[in-house]
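Visitor: Pasting a structure below so you can have a look.
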Amino acid sequence: MTSERTDELYRLLLSKGYPEDLCREIAYKYMNTDYTATRMIGYLYRVSAPRAEDVVDEMLAILSDREAIIQKKEMEHAQSVVNDIYRNGL
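Structure, rendered in structure tokens:
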């Protein structure tokens, strides 16, 4: 099941002339959340004619940012649990 944003990203990549297999890989394998698809769509609208290498580089940067956000949220949750244990004991 794909989101509308992912489908939109796939169609946008195709319209810019990238190979179909690359478009499918980017949209449905890597940029398959609304967050990542929306960021990539924004990039494609800001940059007029990026090379395929630039699109892949941006994809990797978006995925790296997403992973950093996830890790930050996990660390914040863990710290919250530790703080609760300090305050209230086990």
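Using this note's numbering, the first residue of the sequence shown is number 1, and each one after it goes up by one.
Glycine is no exception: its CB is placed at the ideal position from the N, C-alpha and C atoms.
All values reported here derive from a predicted model rather than from experimental measurement.
#1: I'd like the span of the alpha helix (DSSP H) that includes Ser15, first residue to last.
#2: If you compare alpha carbons, which of Gly89, Thr6, Glu76, Arg66 is closest to Lys29?
#3: Can you grab the Cα-Cα spacing for the pair Ala61 / Arg51, in whole Å?
#4: Under the rule that 16 or more other beta-carbon atoms within 10 Å means buried, what is Met75, buried or exposed?
#5: Thinking C-alpha only, which one of Ser15, Cys23, Glu25, Thr33 is nearest Glu67?
#6: Buried or exposed: Ile69, going by 16 or more other Cβ atoms within 10 Å of its Cβ?
#7: Measuring alpha carbon to alpha carbon, tell me which residue in Leu22, Leu13, Ile85 is nearest Tyr43.
Guide: Inspection of the coordinates gives the following:
#1: For this step, residue 15 is matched to residue 15 along the sequence shown. Taken as a continuous stretch (DSSP letters only), the alpha helix (DSSP H) holding Ser15 covers 4-15.
#2: As a position in the sequence shown, residue 29 is number 29, starting the count at 1. When only C-alpha atoms are compared, the closest one is Thr6.
#3: Counting from one through the sequence shown, the residue named residue 61 turns up at place 61. Counting from one through the sequence shown, the residue named residue 51 turns up at place 51. Near 15 angstroms, if we compare the C-alpha coordinates of Arg51 and Ala61.
#4: For the purposes of this step, residue 75 is identified with residue 75 of the sequence shown, where counting begins at 1. Classification of Met75: exposed, given that the 10 Å Cβ count is below 16.
#5: Numbered from 1 along the sequence shown, position 67 holds the residue referred to as residue 67. Nearest C-alpha to Glu67: Thr33.
#6: Position 69 of the sequence shown holds residue 69. With fewer than 16 Cβ atoms within 10 Å of its Cβ, Ile69 is classed as exposed.
#7: Reading the sequence shown from its first residue, position 43 is the one you call residue 43. Ranking the options by Cα distance to Tyr43, first place goes to Leu13.
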